[in-house]
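Undergrad:
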Amino acid sequence: MKWKKLTIKTITSAEDIIISTLYDIGLEGAQIEDNVPLTAWEKEQMFVDIPPMEKEDDGIACLHFFVEVPEEQETSGNNETRGSGSAAIKPGLSEGVDNSYTPVSSGKPVDMEKLIKQVEEELEDLRSFMDIGEGAITVSETEDKDWMNNWKEYFHQFAIDDLLVIPSWEEVKKEYHGKKLLHIDPGTAFGTGMHETTQLCIRQIKKFVTKDTRLLDVGTGSGILGIVSLLYGGKSVVGTDLDPCAVEAVAENLEANHISKEAFTMMIGNIITEKEVQDRVGYGGYDIAVANILAEVLVPLTPVIVKHLKQGGIYITSGIIAEKEQLIVQTVKQAGLAIVEITRQGEWVSVTARKE
1 MKWKKLTIKT ITSAEDIIIS TLYDIGLEGA QIEDNVPLTA WEKEQMFVDI PPMEKEDDGI
61 ACLHFFVEVP EEQETSGNNE TRGSGSAAIK PGLSEGVDNS YTPVSSGKPV DMEKLIKQVE
121 EELEDLRSFM DIGEGAITVS ETEDKDWMNN WKEYFHQFAI DDLLVIPSWE EVKKEYHGKK
181 LLHIDPGTAF GTGMHETTQL CIRQIKKFVT KDTRLLDVGT GSGILGIVSL LYGGKSVVGT
241 DLDPCAVEAV AENLEANHIS KEAFTMMIGN IITEKEVQDR VGYGGYDIAV ANILAEVLVP
301 LTPVIVKHLK QGGIYITSGI IAEKEQLIVQ TVKQAGLAIV EITRQGEWVS VTARKE
């Protein structure tokens with residue numbers, strides 16, 4: 001099967017209504033491309049901070065829909081652009097857009113000519129009572145590949161000092177023989193250790209972990225930080241995350257690294273706001289707590305973490321963009337912790353502190 005990408009150039013204020021309207025004719029999702037800053041809620045769903053957007057919000061948005069079409073069906077060219085009503089036509093709208101996005105159509109082959117006509121009619125109806133901007137429609141062909149496994153093309157083994165992070169589908173390269181192995185199959189949801197913030201955390205964990213270390217990993221995701229602590233001799237890990245998918249991800253990665261599930265306890269919930277989660281995690285019992293999370297989340301999290309650390313316990317933070325370094329330093333100090341070390345990689349910062 002071939003996939004066609006249907007792109008509509010519109011304005012940000014019309015995104016939701018267009019997506020909702022086209023859902024009714026079988027387009028069951030959309031990839032949104034705009035320069036609207038992320039909301040606080042959207043940022044909280046991320047594992048790390050992000051750099052400021054390079055472009056200012058100009059109110060323009062592109063909505064990309066992916067539909068499956070029979071291979072014998074062809075449109076007139078790979079990049080056909082059509083207008084809605086009197087809208088201006090601008091070829092090449094879809095250039096530069098990531099075609100590796102998972103298709104969001106219902107999976108049933110469709111007649112593109114019929115579908116485009118329906119989309120034009122729906123956009124014209126919307127235009128009669130609201131501003132939808134240009135409304136230009138662009139159709140382009142995506143590559144025919146395994147969408148769910150396409151990401152594997154871009155994740156390969158790599159070393160973090162003496163540690164080799166390697167997926168299950170690769171053999172250890174000759175130049176990496178002798179390194180400690182960390183097997184990670186991240187799927188499509190969680191991190192792999194490639195990001196600078198994760199590497200900063202890994203290096204700090206290796207400095208402080210001992211055979212008696214009990215580690216608390218907040219925002220554990222794939223479990224990579226907790227697993228690293230166990231690989232380097234740590235005793236046990238408790239991980240918390242907001243996403244229930246983390247439970248399965250951690251279990252799979254524990255199995256891949258031949259680590260007992262009893263060594264890593266997963267809890268789903270918000271340790272900042274949920275007393276039940278705090279109680280289950282337990283107080284004053286952790287030698288190391290690590291949080292590779294957005295800087296704004298570290299601010300309310302830090303005074304909570306202090307309660308879970310032992311006296312002399314180590315608090316490792318990352319996910320901090322350089323501009324937020326002083327914010328986290330101040331937050332850590334206000335929570336009664338002493339700064340041990342500040343490390344940097346690229347534009348990212350890790351702050352390590354101790355509970356005196």
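Take 1 as the starting number for the sequence shown in the numbering used here and just add one per residue. A virtual CB, placed ideally from N, CA and C, is assigned to each residue, including glycine.
(1) Just to confirm the assignment: which complete beta strand (DSSP E) runs, minimum length 3, are found wholly within the segment 273-298?
(2) Considering just the uninterrupted stretch of the beta strand (DSSP E) at Lys-310, what are its terminal residues?
(3) Tell me where the alpha helix (DSSP H) around Ala-251 begins and ends.
(4) State the start and end residues of the unbroken alpha helix (DSSP H) segment that holds Gln-157.
(5) Thinking C-alpha only, which one of Thr-198, Ser-168, Tyr-23 is nearest Gly-346?
(6) Ala-338 and Glu-356 look like a contact to me (Cβ under 8 Å); what is the Cβ gap, rounded to whole Å?
(7) Can you tell me whether DSSP reads Val-172 as helix, strand or coil?
(8) So Asp-57 packs on Val-36, CB below 8 Å; how close in whole Å?
(9) On the DSSP letters alone, give me the boundaries of the alpha helix (DSSP H) that Ile-18 sits inside.
(10) For Arg-354, which residues does DSSP report across the bridge?
(11) Quick one: Cα of Gln-157 to Cα of His-258, how far?
(12) Say yes only if the C-beta of Lys-4 is nearer than 7 Å to one or more non-hydrogen atoms of the ligand SAM, and no if none qualify.
(13) Below 8 Å, how does it come out for the segment 240-250 and the segment 206-225: are there three or more Cβ pairs, yes or no?
(14) My output table needs one value for Ala-263: the three-state DSSP class, helix, strand or coil.
(15) Between Phe-65, Thr-12, Ile-19, which has its C-alpha nearest Gly-59's C-alpha?
(16) Quick one: Cα of Trp-348 to Cα of Leu-215, how far?
(17) Tell me the DSSP secondary structure of Ile-137 in three-state form.
(18) One question on the structure: do Thr-352 and Ile-314 come within less than 8 Å of each other, judged by their Cβ atoms?
(19) If contacts are defined as beta-carbon pairs under 8 Å, then Glu-122 and Leu-22 qualify, I think. What distance do you get, rounded to the angstrom?
(20) Anyone know if the C-beta pair for Ile-205 and Ser-229 falls short of 8 Å?
(21) Determine whether the beta carbon atoms of Cys-201 and Ile-316 lie at a separation below 8 Å.
(22) Which one of Met-130, Val-277, Val-67 has the shortest CA to CA distance from Thr-10?
(23) Do you know offhand how far Leu-27's Cα is from Asp-34's?
(24) Tell me which residue opens and which closes the beta strand (DSSP E) that Leu-181 is part of.
(25) Can you name the residues that DSSP bridges to Ser-236?
(26) Would you decide whether Leu-294 is buried or exposed? Buried here means 16 or more other CB atoms lie within 10 Å of its CB.
(27) Kindly identify the DSSP beta-bridge partner or partners of Asp-241.
TA: So, from the data block:
(1) 286-292
(2) 309-321
(3) 245-256
(4) It is not in any alpha helix (DSSP H) - Gln-157 carries neither H nor E in the DSSP assignment.
(5) Thr-198
(6) 5 Å
(7) coil
(8) 5 Å
(9) 15-23
(10) Ile-314, Ala-338
(11) 18 Å
(12) What this structure holds is no ligand at all, so the ligand SAM is not there to describe.
(13) yes
(14) helix
(15) Thr-12
(16) 23 Å
(17) strand
(18) yes
(19) 6 Å
(20) yes
(21) yes
(22) Met-130
(23) 19 Å
(24) 180-183
(25) Arg-214
(26) buried
(27) Ile-268
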